[in-house]
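Chemist:
Number of protein chains: 2
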Amino acid sequence: MTPQGADQPLPLSVDRTSPVPLYFQLAQQLEAAVEQGRLAPGTLLGNEIDLAARLGLSRPTVRQAIQSLVDKGLMVRRRGVGTQVVHSQVRRPLELSSLYDDLEAAGQRPATKVLRTTMEPATAEIAAALGLAEGTEVNLVERLRYAHDEPMALLRNHLPPDLLALPARELESTGLYRMMRASGITLHSARQSVGARAATAGEAGALDEEPGAPLLTMERTTYDDTGRAVEFGSHVYRASRYAFEFQLLMRG
Amino acid sequence: MTPQGADQPLPLSVDRTSPVPLYFQLAQQLEAAVEQGRLAPGTLLGNEIDLAARLGLSRPTVRQAIQSLVDKGLMVRRRGVGTQVVHSQVRRPLELSSLYDDLEAAGQRPATKVLRTTMEPATAEIAAALGLAEGTEVNLVERLRYAHDEPMALLRNHLPPDLLALPARELESTGLYRMMRASGITLHSARQSVGARAATAGEAGALDEEPGAPLLTMERTTYDDTGRAVEFGSHVYRASRYAFEFQLLMRG
DNA sequence: GCCATGGCTTTGTCCGGACAATCGAACTAG
DNA sequence: CTAGTTCGATTGTCCGGACAAAGCCATGGC
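Okay, structure coming up:
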């Protein structure tokens, strides 16, 4: 008996003229098959040797493709058994995501209003986060983010001087991360802290909540691939309208 | 000039008689060197071919070791340049962690008080999370978690029936996840949602806060490697004493 | 009936080599 | 002096093969 169910051995093929790596092509096709349900959860994937022979690839290439899916949490390998599609509703691992992109992906009609863009001397906390001397002038951007025309979050970002031009027009029509990427900064990692506290009078007014209402807070320092801190953000979200959702994977 | 600084080419060696895979031995040594500062941030690691030759390994093995560190976010590869130690305070990516372990690792003297362990019919929400029929009897565990003898969080966990014995004694002396692992369950992934809301009178009393005080909330459904939901947790944390901290990595 | 053994299947690890793509720096031409 | 080009260095991809380790199942002995 064939692993997947005999009748339809799953159409897979690779294009050797394409510049896309072969292992990546295969991984994409398998991932698509899983998401579309053509590879049901629990399905055995058939052994790597046969799969390689069927596609005219070598075993290392096939392994590299499968390994990338295992790393994503879509599949599980067991020695002596085989590789099977994992049985759950895995979405995607936590990414270094931007609120703007998240809202847009969820069809939430994001909009941004820039409240201020100024230069300010860095406080001790901000200087430490960005790796600058206290008192250095840093860019400050304060924005209000809406979804469906309702205020969702108050965003305060601090950026090192001379990192990036910050035209208000662009800040309103797209996200900060997208602007960074577009100007050649490759984001690498971020350190986040998520907490909660009561709204101040000012925050309550901006977010259309009562003073003292619970707010979700997030502080994030973002680093590029050279290890340089490129942004320190201090954000508050309306707890009544927003929660962080994400998927965790065990490592091993 | 040698990549790291000429004088000390970094002592590396592998033990071929060990059952530990060679790539893993190498990865461990490199990671230790990074953490101890023997490999300074920004340091070039020297090309893979030479490194392989120096250790008597093949290039694929060395690559596998380095790749695992790149996946952890400790190093960055650039074609035509080399591999360098990443320049920042990367700790570790967000894990499927238990509060108990987190507190213990931070030296916070965790303690647990079991408030109840009962069977209850599942509500629609709980049944959906665990993949059971509404009304099925599920285990309910309610605990109060302390750090330094102060209440930190109120933990409510729902577990499928017959999954695990839940002796109160063990629940108080260790974490739930540790008990699961010990009974042969291999945790694989979890879906989390983090939000905030105001404390109810009961929660305020248990946590030594005022009613209406902001609380940090976390809901988590945990799956094992067969995709079966093994736990649904609904927890509240004192926002004045606790925040979630974690590190995010870009994927690419 | 039950348990141990052995064999088969499948993934895990490792090797050695080949060529392509990309980056950075030195070099050259204007 | 500047801009474009070439070239060496380094990682990225891919191949084919070999043996080891682990899990599953059937066989056989008790």
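Protein chains in written order, with the UniProt record's numbering: chain A, 1 to 252; chain B, 1 to 252. Here a beta-carbon is modelled for each residue, glycine too, at the ideal position from N, C-alpha and C.
(1) Using a C-beta cutoff of 8 Å, does R63(B) count as contacting chain A?
(2) In whole angstroms, what separates the C-alpha of V86(A) from that of A229(B)?
(3) Is the CB of T59(B) under 8 Å away from at least one CB in chain A?
(4) Within the same chain, show all residues whose beta-carbon is closer than 6 Å to that of D225(A), passing over the 5 residues directly before and after it, in chain order.
(5) According to DSSP, is A147(A) part of a helix, a strand, or is it coil?
(6) In chain A, which residues lie with their C-beta within 9 Å of the C-beta of S193(B)?
(7) Roughly how many whole angstroms lie between the Cα atoms of P19(B) and S68(A)?
(8) Run through the DSSP bridge pairs and tell me what K113(B) is partnered with.
(9) Cβ closer than 7 Å: which chain B residues qualify as neighbours of M250(A)?
(10) For chain B, find out if any of its Cβ atoms is closer than 8 Å to the Cβ of R16(A); answer yes or no.
(11) Against R197(B), what residues of chain A qualify as contacts under a CB-to-CB distance less than 7 Å, listed in chain order?
(12) Counting only Cβ-Cβ distances shorter than 8 Å, please list the residues of the region 220-233 of chain A near chain B, keeping chain order.
(13) Which term fits T123(A), buried or exposed, when burial requires 16 or more other beta carbons within 10 angstroms of its beta carbon?
(14) Quick check on DSSP: helix, strand or coil for G202(A)?
(15) Which partner residues does F246(B) have in the DSSP bridge list?
(16) At what residues does the beta strand (DSSP E) containing R238(A) begin and finish?
(17) Residues in the region 36-57 of chain B with C-beta within 9 Å of chain A's C-beta atoms, listed in sequence order?
(18) Where do the N-terminal and C-terminal ends of the alpha helix (DSSP H) with T61(B) fall, by residue?
(19) Report back the beta-carbon spacing between L215(B) and A199(B) to the nearest angstrom; my notes put them in contact at under 8 Å.
(20) For A32(B), count the other beta carbons within 10 Å of its own beta carbon; 16 or more makes it buried, fewer makes it exposed. Which is it?
(21) For D50(A) and V62(B), what's the separation of their Cα atoms in angstroms?
(22) For A147(A) versus Q108(A), is the C-beta distance shorter than 8 Å?
Modeler: Let me lay it out:
(1) No, R63(B) does not count as interfacial toward chain A.
(2) Here the alpha carbon of V86(A) sits roughly 12 Å from the alpha carbon of A229(B).
(3) In the sequence as displayed, the identity of residue 59(B) is Arg instead of Thr. Chain A, which has no Cβ nearer than 8 Å to the Cβ of R59(B), makes this no.
(4) Apart from sequence neighbours up to five positions away, the residues of its chain that approach D225(A) with a beta-carbon distance below 6 Å are T186 and H188, ordered along the chain.
(5) Per DSSP, reduced to three states, the secondary structure at A147(A) is strand.
(6) Per Cβ cutoff of 9 Å: A243, F244, E245 and F246.
(7) About 25 Å.
(8) DSSP lists L144(B) as partners of K113(B).
(9) Going along chain B in sequence order, the residues near M250(A) (Cβ under 7 Å) are L96, L187, H188 and S189.
(10) No, R16(A) lies away from the interface with chain B (no Cβ there is under 8 Å from its Cβ).
(11) Ordered by position in chain A, the residues that pass the 7 Å Cβ test against R197(B) are P214 and A239.
(12) Cβ contacts with chain B come from Y223, D225, T226, G227, R228 and A229.
(13) It is exposed - the Cβ of T123(A) has fewer than 16 other Cβ atoms within 10 Å.
(14) The answer is helix: DSSP assigns G202(A) an H, G or I state.
(15) According to DSSP, which records beta bridges pairwise, F246(B) is partnered with Q192(A).
(16) From DSSP, the beta strand (DSSP E) with R238(A) extends over A229 to R238.
(17) Those residues of the region 36-57 of chain B that come within reach of chain A (Cβ to Cβ, closer than 9 Å) are P41 and G42.
(18) It spans R59 to K72 - the alpha helix (DSSP H) in which T61(B) sits, taken as one unbroken run.
(19) Contact holds; Cβ gap of about 5 Å.
(20) With fewer than 16 neighbouring CB atoms inside 10 Å of its own CB, A32(B) falls in the exposed class.
(21) Roughly 27 Å between the two C-alpha positions.
(22) The criterion of a C-beta distance shorter than 8 Å is satisfied by A147(A) and Q108(A).
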